[in-house]
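Q: Have a look at the structure that comes next, please.
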Amino acid sequence: MRKWFERLAGYIRIKRGLGDALTPDDVLLVMGAVWRTPSGPAG
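Each residue of the sequence shown is one higher than the one before, counting from 1 in UniProt numbering.
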């Protein structure tokens with residue numbers, strides 16, 4: 001999964017010119033905020 005986010009960060013750098021502004025760790029942080037598990041027995 002981390003490799004996928006690293007690749008995504010690379011694409012964002014190329015497409016949007018965010019070279020130094022966005023790192024793979026930044027993408028992980030953002031995606032962690034977006035993909036939350038629902039509360040309940042499974043989450």
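For glycine and all other residues, C-beta sits at the position ideal for the given N, C-alpha and C. Owing to the predicted nature of the structure, the values given are computational and were not obtained by experimental measurement.
Alpha carbon to alpha carbon, how far is Lys3 from Asp26? Give it in angstroms, no decimals.
A: Looking up residue 26 in the sequence shown gives position 26. Looking up residue 3 in the sequence shown gives position 3. Near 14 Å, if we compare the C-alpha coordinates of Lys3 and Asp26.
Q: Which residues in the same chain have their Cβ closer than 7 Å to the Cβ of Met1, if we skip the five residues on either side of it in sequence?
A: Sequence index remark: in the sequence shown, residue 1 carries index 1 (1-based). Hits under 7 Å: none found.
Q: If you draw a straight line from the alpha carbon of Leu29 to that of Phe5, how long is it in whole angstroms?
A: Numbered from 1 along the sequence shown, position 29 holds the residue referred to as residue 29. Numbered from 1 along the sequence shown, position 5 holds the residue referred to as residue 5. Taking the straight line from one Cα to the other gives about 10 Å.
Q: Give the straight-line distance between the Cα atoms of Pro24 and Gly40, rounded to the nearest whole angstrom.
A: Reading the sequence shown from its first residue, position 24 is the one you call residue 24. Reading the sequence shown from its first residue, position 40 is the one you call residue 40. For Pro24 and Gly40, the distance between alpha carbons rounds to 30 Å.
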